[in-house]
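The listed protein sequences correspond, in order, to chains H and Z.
The first sequence begins at 869 in our numbering and counts up by one.
The second sequence begins at 6 in our numbering and counts up by one.
Here's the structure we're looking at; comments come further down.
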Amino acid sequence: GEQVEQLPSSLIVQEGASVLINCSYTDSASVYFPWYKQEPGKRLQFIIDIRSNMERKQTQRLTLLFDKKTKHLSLHITATQPGDSAIYFCSASKRGGNYKPTFGKGTSLVVHP
Amino acid sequence: DPKIIQKPKYLVAVTGSEKILICEQYLGHNAMYWYRQSAKKPLEFMFSYSYQKLMDNQTASSRFQPQSSKKNHLDLQITALKPDDSATYFCASSQTGDPNSDYTFGSGTRLLVI
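This is the structure:
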């Protein structure tokens, strides 16, 4: 089945820095890639997504890049703030049917003021 | 206001007992899911329901039984609880059963089995 790997597993940065979270998947049939953020003790919240017919998507301080050939995604967060401290999850799902999304193990981001 | 309500937030249970985790969503979504998150494993898919029908079950054990009494409810009954069942259980929903739409998650029920 699909496997989703995230690197690094954790990041610690100073406020204002930019960070890059990498995600790779194995199943070429995956077409939809939503990302979620989970603050300590809270629910997962959708933050950005991309479909396999796109290469780039940007919203505010988030930029998501997608490379279909290498089956790789990267989430770039600029001008980080302490409020960005959370675990970030990449997920991948296939087209239609009963395919449920597969999640990565998450990347823990800590932003120090 | 939370759009997906999970109850209780914390739950301590004795090995061998039975518990029901409650989930209600007020988003008008037609699909609901259960996921499990523990320190040992990443977010694990358990069940998906669409229009109150079971669509997918990836839970090996029959001790886990989803129950959908209403379209916006998907409770999770766990019987013969074991310490390994200790985890945070998340309910989620989406507009349709198509996985190509983002999910809205509940805040989770943290279960500790002693």
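From the three backbone atoms N, C-alpha and C, an ideal C-beta is built for every residue, glycine too.
Note that this is a predicted model, so its numbers are computed, not measured.
query                                                                                                                     : result
Collapsed DSSP secondary structure at Pro13(Z) in the structure displayed                                                 : coil
Opposing strand residues paired with Val19(Z) [DSSP bridges]                                                              : Note: Val19(Z) sits in no beta bridge, so no partner.
Closest residue to Gln874(H) among Ile889(H), Gly884(H), Ile945(H) (Cα-Cα distance)                                       : Ile889(H)
Contact the segment 72-82 of chain Z vs the segment 22-30 of chain Z: 3+ CB pairs below 8 Å                               : yes
Three-state secondary structure (DSSP) of Pro950(H)                                                                       : helix
Contact check, Arg41(Z) vs Tyr94(Z), beta carbons under 8 Å                                                               : yes
Start and end residues, beta strand (DSSP E) containing Gln30(Z)                                                          : 24-30
Runs of beta strand (DSSP E) lying entirely within the segment 26-69 of chain Z, each at least 3 residues, in chain order : 36-42, 49-55, 58-62
Three-state secondary structure assigned by DSSP to Asp107(Z)                                                             : coil
Chain Z contact residues for Lys925(H), given Cβ-Cβ distances below 9 Å                                                   : Under the 9 Å cutoff, chain Z gives no residues; its nearest Cβ is about 13 Å from Lys925(H).
Closer than 8 Å to chain Z by CB, Asp952(H)                                                                               : no
Reduced DSSP category for Asp895(H) - H, G, I as helix; E, B as strand; rest coil                                         : coil
Nearest neighbour of Thr927(H), chosen from His944(H), Gly972(H), Ser961(H), Cys891(H) [CA to CA]                         : His944(H)
Nearest-angstrom Cβ-Cβ length linking Ala960(H) and Phe914(H), presumed shorter than 8 Å                                  : Not a contact, Cβ separation roughly 14 Å.
Asp89(Z) burial status per 10 Å Cβ neighbour count (16 or more: buried)                                                   : exposed
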